[in-house]
Amino acid sequence: MVTKNDVKAEFSIKKGKLHVQSARYKTRIQASAQTVRVEGQNKDKARVVCDGRTVKVKGRAATINLNKQFSGSEVSVWTIGKDPLTKAESARREIVWEAFHQKNRVLSNPLVSTIWLSKALPQGLPPLPPPPSIEFDKPLNPSQEAAIKRILSEAEEDRITVIHGPPGTGKTTVIAAATNSISVATRQRSVWLIAQSNVAVKNIAEKLASIKFYKFRLLVSEGFHFDWHLYSKIERNVIRSDDFPKDHVAASRKLLDARVILCTLSMMSADAIRIFAKIAPVQMVIVDEASQIELGAYIPLLHSFSRTLAKLVFIGDNKQLPPYGHEDIPALKSIFEIPHFRDNAIFLDTQYRMPCHIGNFISCHIYDGKLQTVHKDTSWNVCRFVDVTKGVEQKNGHSWTNQEEFAMILHVARRLIKQGKSFRIITGYDAQRNLMESRLKAAKLPWEDKVFNVDAFQGNEEDYILISVVRSSKPGFLSNERRANVMLSRCKRGMFIFSSRAFLGGPGSHTLLDVFEHAPQPQPIPLTCLHESSLTADVLSGFLETLGSNNAIGVGSAYGPQGILRSVALATETRLLWITFGSNKYPRATHISEGMDLLAREVFANPSYVKAVFRADRFGMALHLDLGMRAVKTLDLLALTVPTSSDSIAFFRRQEGTIGLRLSTLCHVFADQRHGEQHINRIASRAWVAYHVYVKFAAHAVGQSSMLDTTHFTLAALDCLSNLVRDADSLDALKPMVTKNDVATDFSFKDGQLQVQSSRYKTRVQASSVQTVRVEGKDNDKNTRVVYEGRTVDVQGRAATINLKTPLSGTEVAVWTVGKDPLTRAQAKRQRIVWGAFHMNNGFLSNFFVAAIWLSKALPVGLRPSALPPPPSIRFSKDINPSQEAAIERILSDADEDAMAVIHGPPGTGKTTVIAAATNSISAAYPERSVWLIAQSNVAVKNIAEKLASVGFYKFRLLVSEGFHFDWHEHLYSKIERNVIRSDDFPKDYTTAERQLLDARVILCTISMMSAGAIREYEKIAPVQTVIVDEARPNRARRIYTAFAFLLSDACKARIHRSHKSYSVPPHGQEDVPALRSIFEVPHLRENAVFLDTQYRMPTHIGNFISRRMYDSKLKTEHKDRSRTVCRFFDVAKGVEMQQGNSWINQEEVKMILHVARRHIKLGESFRIITGYDAQRNLIEGALKAANLPWEDKVFNVDAFQGNEEDYILVSVVRSSKPGFLSNDRRANVMLSRCKRGMYIFSSRAFLEGPGATSLVGRLAAECSDGAWLKTSRILNGSW
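With the first letter of the sequence shown counted as 1, position 826 gets the number 826 in full-length UniProt numbering; the numbers rise by one all the way through.
What follows is the structure, encoded as structure tokens:
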């Protein structure tokens, strides 16, 4: 209600009017209906108070009418009463009032409904032109480029774009580059750049001017500009509010050809904006400092320009200052507090402002280690703490001061001024700011624009920053990490923090400053950075001269896109050398330069030096694949305690404290080594740590056998091993760091333990020692949400027990698993085998089947581990066609050339029949001969078992994991329960295994189950002789067969079954890791594959279509139903795709599916529903459940339905504007080839005849007659 106005000491009084000059813009005197209180001191030093009213303000000058005679030598001024509503605030209030009274359509505005009502963005926004290419003459990093592309995108899902830009990451650069790109491509397209503060707007304008872009206009209020703030660099582009036009002609004269307009968000409510908007329509709006803007402030903008506004871009950082008033009103939110926007935000991941030490600290403690630093200053003395031992906080009104701190600041300021260094002073308290500014002025030192409150310095930077902490007994504002983050992230060259050490070690402990002060600071080591093309013999010999008597070099590495090695750091006791390879355009080196040859000869292939590295297999692989180098005498430090471990963090947990660095620091140094990480200081630190770990642990305990030496391998063998490592690393990088666990609504909490029930197997809660669990408790009565952390300690079927650190309260819970899934037993075994092969500790590369698959050698005659008996005759009780007979004969063959056979089986061609016939034939002729039937999925294994049972063959055992079977899928095994052995009942000795198998010599399990320890007990009774693999999914050869092939070292025969086209659902990671191969990409195996040429599942019309489009008309169909009505299309004309997280839904399609489902249930017809999107699957399943219809085991994602079939299939296409997953013909093939009697496809006709026309579904619709299409009305009245 009362504001102290800072005014200059000089004043005058004439004719009852007081003339003063405001000294500070934030507390300036403003003309309004508010009362002004003036306090003075007369000649007798008596206090004089009188009231008045401000009648005129011009810049700093203010005229106040006083209500009585005033005399005195000093004046102080206060404004009494709240500030009146601004024009923007009045407009917002009016719009909301009208919405309450249904007098406007603000709630139907698509942008409003998306932001406030959490709806997916609907159709109907004004169109945007195709995205232009990026036009910018300064270098951009990949994250900046991704952000700019998102800004330029015209895609519906990008109509609201959020960009998360930590300090120094070039947010203004991104804005300038996007703006320039749009203007170069389309000169008439307008862009409005707005921000909360005038300073932020000015910064954007100056960035545009710095790249020679001048076709913009900056709109600024006279009150901010005149007499207060300089716009000298861009003065000719400024239009001040007192010069705003009143008509179209005047506005055209002001803008000329400029179509980029800059102003504050509040300025958008000015009347003149509508005149400017007629010439430069408000089409795209880019909002800077968006994290400081409360959502309601956008209401006038969105409502006033709803007809033209087509795109909104929000740029900010929710780790810096929150919206004004957030501390007092926690409900205030910025765009970053809306989950679906925050989760999809582009993260600018590289900062260039702060020196490395400060940048690394901010990254680790504020940005989860995701923020990289590129800065030439890698020293640790860029931040200095000044111990003000006598400093005492003093209350000053509602603020605080600390005079001793400023006395020290004054000394440092004088020194910086003398040295000609640029600096600013910031603090968290207004009273301290005022004190420091006045003392600088009294000392006749530069004071204007020198001292700032933290809140006012957001978005600014300076070479040197001096920080006055002020407090000495309580943390105060330091307890707010967002403010502390702003304070610590402003310097470009160095920072001085003034506080007492006793305070930061006591009351101020555990604040961000305390953590920073106690961060480890090893002695600086000289670091030389250069590109490999600049590496000379002198530079390298100078580095090698610093080697100690141990002749050891620590190695750190960083990998770019696709896992390509981009740089290495080498460390000795006293030197660091950092070398980069390739370029952004050509990340992999295109030729061997002199520098690379020197590095290979003198370091990596030199047996005189030990190269100590974490993950030697990965490093050796990258040297070979990316640089064409061999690795000699390279030690994997991770093998020192746990052989072949790939987890460096786990290693440091075991060795915490032994090398003089905190675990948190080590975790930061080695965290997030995924593709794209290019952090100089972090890479150098890895090399430094590797050197010291070697010195500490390995120097006297490592033999020659522990060293990696890739010179012993042939080129083909090294290619094989290197690609195996790279594929595994690439796929591991795709694992999500956070997984949403679907849990039932019922839960309980007792004694610190949360009991929940997983509701979906794919996203179930799992017990893990390396992952944490995040639980969000929601109290609907109080409308509050609280986040808790814990760890899953027990899982029994669906039931999971989570230990929470703090008591839980709430009526609902949501659960997320944080951290990548750990390696499975099969993945770990695969890793051990490849690691052993790299170190020549096993015979992997001499394996018969490995040679055939990975080394692309023709099958070597006579080199199989053991001979096979003569092929038996085919014994099977059901009819088989000629192609099936040929496939069975190939399986039964004892010829060397058939030791590995590939059978190509399109959908419905009887692959399971072939497996059953071959198995039955072997068992009938040779009862003691074992056959192992394996597949990727448990469902595929179960299908084979049921086929064996259907022909009366029961001499088999099916091995299944307890986790898959118990409480989840027991019902799937009802027909074959007596043949099932669950993993919790696996034997520990030969006798138990023999009792379980009895006379069964046919074993079924998943390929991952083959790595279970108990398999060895079964193998003693039923040796792994013939292995038949179903679901030999493309692109998984390297990933899943490594451990399997090694296991087959004693096997006689392997059979691979699958259709490489039929498996339309590509395995996880194929789109992201194109290098993955399938068994069908091995030429001599593919060329000799047997093709099953007749399908029996699909009705003729559908089968013929699939044959023509997917199998070059080679697939014949035998089916009794030859009608064309087996495939019907339901025209869901009103169906609209809506994004939900990373997936999509279509609610209208769900409604229609429910009608059709009810009819099938009524008629007793068996059906399943499939879709390409998890979110739609969840929505349909929920709708079935809510309607009391059968829902369990009814709805599937396409990927999960591979290998299954049903009488009737209902397909939900979902998309309505873009093809989405339909553009992948392989997935669409699976979707269209599941039905035995009929198929119903739900989509809009306009979509399948428009954007989706070229998809497999679109082509099927085109081949069907018009009669195949059914309108919504016919579905609803049941006339179909």
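Cβ atoms here follow ideal geometry from the backbone N, Cα and C, with glycine treated the same way.
Check: Three-state secondary structure (DSSP) of phenylalanine 336; Outcome: helix
Check: In DSSP terms, what lysine 4 is bridged to; Outcome: Trp78
Check: Whole-angstrom distance between isoleucine 426 and phenylalanine 457, CA atom to CA atom; Outcome: 8 Å
Check: Terminal residues of the beta strand (DSSP E) in which tyrosine 1018 lies; Outcome: Here tyrosine 1018 belongs to no beta strand (DSSP E); instead the alpha helix (DSSP H) covers 1015 to 1021.
Check: Cβ neighbour criterion (16 or more within 10 Å) applied to arginine 1058; Outcome: Annotation note: pLDDT 48 at arginine 1058 (below 50); position unreliable, coordinate value reported separately. It is buried - the Cβ of arginine 1058 has at least 16 other Cβ atoms within 10 Å.
Check: Whole-Å CB distance - asparagine 1129 paired with isoleucine 1241, under 8 Å assumed; Outcome: It is phenylalanine, not asparagine, that sits at residue 1129 in the sequence shown. Right, their Cβ atoms sit about 5 Å apart.
Check: Under 8 Å between C-beta atoms of valine 689 and alanine 552; Outcome: no
Check: Three-state secondary structure (DSSP) of leucine 262; Outcome: strand
Check: Backbone CA spacing between methionine 596 and serine 533 [nearest angstrom]; Outcome: 7 Å
Check: Coil, strand or helix - tryptophan 380 by DSSP; Outcome: coil
Check: Beta-carbon separation (whole angstroms), arginine 482 vs leucine 321, contact threshold 8 Å; Outcome: 6 Å
Check: Assigned secondary structure, glutamate 448 (DSSP; H/G/I helix, E/B strand, else coil); Outcome: coil
Check: CB of methionine 267 within 8 Å of CB of leucine 219, strictly; Outcome: yes
Check: Residue from Leu435, Ser1216, Glu1205 with nearest C-alpha to valine 1132; Outcome: Ser1216
Check: Environment of proline 870 [buried if 16+ CB atoms lie within 10 Å]; Outcome: exposed
Check: Histidine 1155 beta carbon less than 8 Å from that of isoleucine 1208; Outcome: For the sequence presented, residue 1208 should be read as tyrosine rather than isoleucine. No, the Cβ-Cβ distance between tyrosine 1208 and histidine 1155 is not below 8 Å.
Check: With 16 other Cβ atoms within 10 Å as the buried cut-off, status of serine 1011; Outcome: buried
Check: Reduced DSSP secondary structure (H/G/I, E/B, other) of glutamate 206; Outcome: helix
Check: Continuous beta strand (DSSP E) stretch holding glutamate 462: start and end; Outcome: 462 to 468
Check: Short CB-CB distance (under 8 Å) between lysine 26 and chain D; Outcome: Chain labels in this structure do not include chain D; a single protein chain is all it has.
Check: Cysteine 1264 (DSSP reduced to helix, strand or coil); Outcome: coil
Check: DSSP state of glutamate 532 mapped onto helix, strand, coil; Outcome: helix
Check: Same chain, Cβ closer than 7 Å to lysine 1134, neighbours up to 5 away in sequence not counted; Outcome: Glu1148
Check: Alpha helix (DSSP H) runs contained entirely in the region 169 to 232, provided each spans 4 or more residues; Outcome: 171 to 185, 198 to 210, 222 to 225
Check: The alpha helix (DSSP H) enclosing arginine 1274, as first and last residue numbers; Outcome: 1272 to 1277
Check: Sheet register partners of phenylalanine 697 (DSSP bridge); Outcome: Beta-bridge pairing links phenylalanine 697 to no other residue.
Check: Candidates Thr913, Gly797, Asp896: closest to asparagine 881 by CA position; Outcome: Thr913
Check: Close beta carbons around isoleucine 239, own chain, < 8 Å, minus the five adjacent residues each side; Outcome: Arg217, Leu218, Leu219, Val220, Lys254
Check: Leucine 1197: first and last residue of the uninterrupted beta strand (DSSP E) it sits in; Outcome: Reading off the sequence, residue 1197 comes out as asparagine, not leucine. Segment 1195 to 1197, the beta strand (DSSP E) holding asparagine 1197.
Check: Sequence-distant residues of the same chain with beta carbon closer than 6 Å to glutamine 432, five excluded per side; Outcome: Thr401, Ser468, Val470
Check: Three-state secondary structure (DSSP) of histidine 326; Outcome: coil
Check: Contacts around tyrosine 244, its chain only, beta-carbon distance under 6 Å, and the 5 residues preceding and following it disregarded; Outcome: Inspection of the sequence shows that residue 244 is occupied by phenylalanine rather than by tyrosine. Answer for phenylalanine 244: Ala272, listed in chain order.
Check: Cα-Cα separation between glutamine 936 and isoleucine 888, rounded to whole angstroms; Outcome: 21 Å
Check: The region 886 to 901 in contact with the region 1086 to 1096 per 3-pair CB rule at 8 Å; Outcome: yes
Check: Own chain, CB closer than 6 Å to alanine 251, minus 5 neighbours either side, in chain order; Outcome: Pro245, Ile275, Phe276, Ile279
Check: Residues near glutamate 928 by beta carbon distance below 7 Å, same chain, minus five either side; Outcome: Arg1001
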